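Novice: Sharing a structure with you now.
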Amino acid sequence: MLEIKNNLKTIENKYWFSLFTTHKNMYTNKCEQLANEYEKLDEYLYKYHYRLK
């Protein structure tokens with residue numbers, strides 16, 4: 009019975025680690041997407057500012 013609990017615990021740990029890794033990757037990707045969007049916006053505003061002059 010102890011082995012069953014250890015196996016279950018290992019399976020749960022693998023599941024939670026996998027879930028954590030997935031969410032971490034999603035968060036990292038979303039941060040990179042936001043950084044790219046802000047960079048594009050910054051470039052657009054910079055060009056727009058100099059067009060007005």
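Numbering (this note's numbering), first residue to last: 9 to 61.
For glycine and all other residues, C-beta sits at the position ideal for the given N, C-alpha and C.
Just so it is clear, the structure is predicted and the values come from calculations on it, not from any experiment.
Which value, in whole angstroms, describes the spacing of the CA atoms of N44 and F25?
Specialist: Walking along the sequence shown from the start, residue 44 turns up at place 36. Walking along the sequence shown from the start, residue 25 turns up at place 17. The alpha-carbon atoms of N44 and F25 are separated by roughly 28 Å.
Novice: Using only the alpha-carbon positions, how far apart do E20 and F28 sit?
Specialist: By 1-based counting over the sequence shown, the position of residue 20 is 12. By 1-based counting over the sequence shown, the position of residue 28 is 20. When rounded, the distance between both Cα atoms is 12 Å.
Novice: For Y23, which residues of its own chain have a beta-carbon under 6 Å away from its beta-carbon, when the five flanking residues on both sides are left out?
Specialist: Indexing the sequence shown from 1 puts residue 23 at position 15. Within the same chain, Y23 has no close Cβ partners at all.
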